[in-house]
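So that you can map any letter, position 103 of the sequence shown is 102 in numbering that gives the first Met the number 0, and since no number is skipped, the others follow by simple counting.
Comments concern the structure below.
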Amino acid sequence: MTDHEYHELVDALMLCLEEQVEACEVDLDYETNGGLLEIIFPDRSKIVINKQPPLHQVWVATKFNGHHFELHGDKWIDNRSGAEFWQFISEAASRQAGQAVAWQAN
């Protein structure tokens, strides 16, 4: 994957997630700044998602732990647990929000 392809894919992932945060029934907010997306929960905790261009990864930090995702085929997979990004982010957000959150790739 080229750097350009990496940035296009991650920008699309971030935009997709932002749109779903806005539409979410849970009272969430988000802030974005240069490759960093913070999802802010009602208890003021955050999930932070950021680009790691040199590694072509997406890093995710939750209230509970951190994960590094790499593209395998057409899915972002956590290089430690093997979790798929959208399943992981839905479960992490649900755990952090204390109620069900379901996000998916468009």
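By construction, the Cβ of each residue, glycine as well, lies at the ideal position given by its N, Cα and C atoms.
Cβ-Cβ distance between residue i and residue j below 7 Å
{"i": "Cys-15", "j": "Asn-105", "result": "yes"}
{"i": "Trp-75", "j": "Ser-89", "result": "no"}
{"i": "Met-13", "j": "Leu-35", "result": "no"}
{"i": "Val-57", "j": "Val-9", "result": "yes"}
Residue i burial status per 10 Å Cβ neighbour count (16 or more: buried)
{"i": "His-66", "result": "buried"}
{"i": "Phe-68", "result": "buried"}
Simplified DSSP assignment, three categories, for residue i
{"i": "Phe-87", "result": "helix"}
{"i": "Asp-77", "result": "strand"}
{"i": "His-67", "result": "strand"}
{"i": "Val-25", "result": "coil"}
Same chain only: Cβ atoms within 6 Å of residue i, ignoring 5 sequence neighbours per side
{"i": "Val-59", "result": "Ile-48, His-66"}
Per DSSP, cross-strand counterpart(s) of residue i
{"i": "Thr-31", "result": "Leu-36"}
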